[in-house]
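In this note's numbering, the protein residues as written are 263 to 379.
Beta carbons are placed, not taken as given, at the ideal position from N, Cα and C, and that holds for glycine.
Since this is a predicted model, take the numbers as computed values, not measurements.
The next block holds one structure in the form of C-alpha cells; read it before the comments.
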C-alpha cells in the first residue's frame, strides 16, 4: 500500500504515514471478518484522528491535537484562497467572449476580412 504513495528518494513519508495507517486500519480483513482497528480497539475508526491518537502516548496527545488544529485552520484558509481564485477565474472566463465566436462575428460584420469563420 505504501508503494502507491511514495517514490524513490522521497523524504516526506512521515507526513503521509498516518493516512496510510488509517487506510490500512479501515481495510476489511477476510480472515478475521473485521477491520484491524476494530480487532484491536473493539470499535470502528471514524477518522484518521482515531489511529493517530491510539498510537500516541497520553503526554503527546495534547501536542498532537494543537498541531492538528493549527494545520486544519491553515488548510481551511488555503482552501478558501484557492476556491476564491477559482471562482474569480471561472467568472472571468464566463464573461469573456469565446475567441472563435468573437472572430466569427467580426467576420460576419465585415470588420475582420483576414480570417474565415
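(request) Check the C-beta distance from residue 297 over to residue 291 and give it rounded, since I have them as a contact under 8 Å. (result) Within the chain shown, the letter at position 35 stands for residue 297. Within the chain shown, the letter at position 29 stands for residue 291. That pair is a contact at about 7 Å.
(message) Taking its Cβ as the centre, do 16 or more other Cβ atoms sit within 10 Å of residue 293, making it buried, or is it exposed?
(response) Within the chain shown, residue 293 is the residue found at index 31, counting from 1. Per the 10 Å Cβ criterion, exposed.
(request) Can you say whether residue 329 is buried or exposed, counting buried as having 16 or more other CB atoms within 10 angstroms of its CB? (result) Sequence index remark: in the chain shown, residue 329 carries index 67 (1-based). So residue 329 ends up on the exposed side.
(request) Just the C-alpha distance for residue 339 and residue 273, rounded to the nearest angstrom, thanks. (result) Residue mapping note: residue 339 aligns to position 77 of the chain shown, counting from 1. Residue mapping note: residue 273 aligns to position 11 of the chain shown, counting from 1. For residue 339 and residue 273, the distance between alpha carbons rounds to 26 Å.
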